Amino acid sequence: MNFQIAMFLGQDGVTNGAIYALLALSILLVFTVTRVLFIPQGEFVAFGALTMAAIQAGQATAVVWLLAGMAVVEATLDILHRLRSQGRFSIDILGFLKLAYPFALALVLYQLPLATLPMAIQAVLTFALIVPLGPLFYRLFYQPVANAPVLVLLIVSIAVHVAMVGIGLLIFGPSGAKTLPFSDASFPLGPITLNSQTLWVIAASLALIIALYQFFERT
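Numbering (this note's numbering), first residue to last: 1436 to 1654.
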């Protein structure tokens, strides 16, 4: 191994390290608040990257139907709860909006020319698909056992993780995928070339870590 290869591997390690630092922070935050060791956090990262790749390939990813299915189950549970507690069928405005959201998003995804959209819009669509899965996961899998011992919550997390791995294979397939870089620019630094994508990842990770620190320190 020569110096250039070592520096290239070092760049890759720093990039992956910044991502894993955010993963560790998110797992710690979830555990501190909910006592849930959220093992499926990795699936959120994988689903986000694979969804972005699908959108850049011009495909209306099936993740939207996973989101829709979970929203239907949540709405059904809420309606059954009201039937038991109030003795009548009802759905509030918030419940209706949560149920309508994934279907409206599906309509948007199937109408837009996804592959030709600016990368910022593609990223927004990816967030719109993946972020709502978090509250749905909690409502469907964790809220019913919120007062259970930590061991039970851990077992639930493992079960959700295994299920999401299978669902990911069903939705995205076993083949790999690649997203476009935020920037193709590179900067020579002595005998090595510094990839701007690495700088983007490090800057975004530091910005998020600092923002979270300031939020919890000042609120």
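We put the CB at the ideal spot given by N, CA and C, even for glycine. Since the model is a prediction, treat every value here as computed from it, not as a measurement.
Can you check whether the CB of residue j is closer than 7 angstroms to the CB of residue i?
i, j, result
"Val1498", "Thr1511", "no"
"Leu1472", "Leu1589", "yes"
"Leu1458", "Ser1640", "no"
"Met1599", "Glu1509", "no"
"Ile1593", "Ile1474", "yes"
"Gln1446", "Ile1462", "no"
"Ala1563", "Lys1533", "no"
"Ser1631", "Ser1618", "yes"
"Val1580", "Val1587", "yes"
"Gln1491", "Leu1615", "yes"
For residue i, which option in the options has the closest C-alpha, if you only look at C-alpha atoms?
i, options, result
"Ala1620", "Ala1594, Leu1629, Met1554 and Leu1515", "Leu1629"
"Ile1602", "Phe1576, Pro1584, Phe1482 and Val1468", "Phe1482"
"Val1449", "Asp1527, Gly1608 and Val1636", "Val1636"
"Thr1469", "Ile1606, Leu1647, Ala1642 and Gln1578", "Gln1578"
"Phe1466", "Val1585, Phe1650, Arg1517 and His1596", "Val1585"
"Pro1548", "Ala1495, Phe1438 and Phe1607", "Ala1495"
"Ile1556", "Ala1638, Gly1493 and Leu1534", "Gly1493"
"Thr1551", "Leu1532, Ala1489 and Leu1534", "Ala1489"
"Gln1439", "Ala1484, Phe1572 and Ile1627", "Ile1627"
"Ile1606", "Ile1526, Arg1523 and Trp1500", "Trp1500"
Counting C-beta neighbours from all protein chains within 10 Å, is the total for residue i 16 or more, i.e. buried, or is it exposed?
i, result
"Tyr1545", "exposed"
"Val1591", "buried"
"Lys1613", "exposed"
"Pro1537", "buried"
"Pro1553", "exposed"
"Leu1518", "exposed"
"Val1385", "Residue 1385 cannot be examined here, being either before or after the span of the chain that is shown, 1436 to 1654."
"Thr1561", "buried"
"Val1595", "buried"
"Leu1502", "buried"
Which of the three DSSP states is assigned to residue i in this structure?
i, result
"Ser1618", "coil"
"Asn1451", "helix"
"Leu1629", "strand"
"Leu1552", "coil"
"Leu1540", "helix"
"Leu1641", "helix"
"Pro1623", "strand"
"Lys1533", "helix"
"Gly1608", "coil"
"Asp1513", "helix"
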